[in-house]
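Novice: All letters in the sequence shown, in the order written, are residues 99 to 299 by our numbering. Each residue gets a CB set at the ideal place from its N, CA and C atoms; glycine is no exception. Before anything else, here's the structure in question.
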Amino acid sequence: QESDNRKSENESYKHQEDVEEEEIKVLERDNEKEDELHDSVADLLGALFASHQELTLPFVEFLYTNILSKTLGNNQASNQHINFSLQIISDMIEYLGIKHLPDKWVALTEALIKYAVYSQAVIRQPAVYALGVLAEKNPEEFQAIADHVIQTLRQAIQIPIHSQDEKIEYGNAQDLSLIHISEPTRLLSISYAVFCLKKKK
Numbered sequence: 099q100e101s102d103n104r105k106s107e108n109e110s111y112k113h114q115e116d117v118e119e120e121e122i123k124v125l126e127r128d129n130e131k132e133d134e135l136h137d138s139v140a141d142l143l144g145a146l147f148a149s150h151q152e153l154t155l156p157f158v159e160f161l162y163t164n165i166l167s168k169t170l171g172n173n174q175a176s177n178q179h180i181n182f183s184l185q186i187i188s189d190m191i192e193y194l195g196i197k198h199l200p201d202k203w204v205a206l207t208e209a210l211i212k213y214a215v216y217s218q219a220v221i222r223q224p225a226v227y228a229l230g231v232l233a234e235k236n237p238e239e240f241q242a243i244a245d246h247v248i249q250t251l252r253q254a255i256q257i258p259i260h261s262q263d264e265k266i267e268y269g270n271a272q273d274l275s276l277i278h279i280s281e282p283t284r285l286l287s288i289s290y291a292v293f294c295l296k297k298k299k
C-alpha cells in the first residue's frame, strides 16, 4: 500500500504546472524502482518456495490470507498489486503444486482464469504465463480444466488493445497465450496451438 501511495504521489506531482522536465524524469525513475522492488520480492519468494517448500507453508498461509485473497477479490486493486499476486501464484503452482496447496488450488486457478481475460495486457501476460506453468508442472490437474482454459485463451487473444497498453506488452500477452499453453496441451484432443492455427485461416 505504501508503495502504491508513493507512486500515486509521484504521478500527481508530475502533472503540476511548475514541474520541470528533469524532476519528471526523477519521479519516473522512482516509480520504476518501486516496480523493480515488487519484482525482486516476487523473485525472492519464488526462490524460497523452490528451495524450502514445506518450510514455507506457514508463510504461504500468511500471503494467501493477507495479500492474495485481499488483492484478487478486490475490484479496486492496483495493477501493481494484481501483477505481484499473479507472480506469487505462478511460483506457488510451479514449486509447491497441489500437494502443498490442496485447499487453495481451486481459488488460485480461478484467479488465473479470471485475469487471463483482463482488459489490460500487463495483467493478462502474467496470468497466461501462470496457466502455462500450471499445465506444464501439474498436467493431471490441468486436464480437468483444459477445456475451460482453452476457451479463456480464445477470448484473451480477441481482446483489443487497451488505451493504457504498450504495443510490446499487448503483443507479448498475445504471444504468450500461445507459447505457454501450446506445448503442455499438445496431447489434448484439440491443442491450443491447433486452435490458434485454425482461427488464423
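Under the three-state reduction of DSSP, which class applies to V220: helix, strand or coil?
Specialist: V220 falls in the helix class under three-state DSSP.
Novice: Per DSSP, what kind of secondary structure is I191 in: helix, strand or coil?
Specialist: Residue state, collapsed to three classes: helix.
Novice: With S261 as the anchor, note down where its alpha helix (DSSP H) starts and where it stops.
Specialist: Here S261 belongs to no alpha helix (DSSP H), and DSSP marks it neither H nor E.
Novice: Pairing CB atoms from the region 230 to 242 with CB atoms from the region 193 to 203, are three or more of them under 8 Å?
Specialist: Yes, since at least three Cβ pairs between the region 230 to 242 and the region 193 to 203 fall closer than 8 Å, the two stretches touch.
Novice: Spatial neighbours of L142 within its chain, please: CB distance less than 8 Å, with the 5 preceding and 5 following residues excluded, ordered by chain position.
Specialist: Around L142: no qualifying Cβ.
Novice: The alpha helix (DSSP H) spanning S176 covers which residue range?
Specialist: Per DSSP, S176 belongs to no alpha helix (DSSP H) and is neither H nor E.
Novice: Considering only the beta carbon of each residue, do L210 and L232 sit closer than 8 Å?
Specialist: Their beta carbons are under 8 Å apart, which means L210 touches L232 by this criterion.
Novice: Alpha helix (DSSP H) containing Y213: first to last residue?
Specialist: Looking at the DSSP string, the run of the alpha helix (DSSP H) that includes Y213 is 203 to 213.
Novice: Suppose you measure from the CA of Y216 to the CA of Y162; what does that come to, to the nearest Å?
Specialist: Their Cα atoms are separated by approximately 21 Å.
Novice: Give the DSSP-derived three-state secondary structure of I257 in the structure shown.
Specialist: The answer is coil: DSSP assigns I257 none of H, G, I, E or B.
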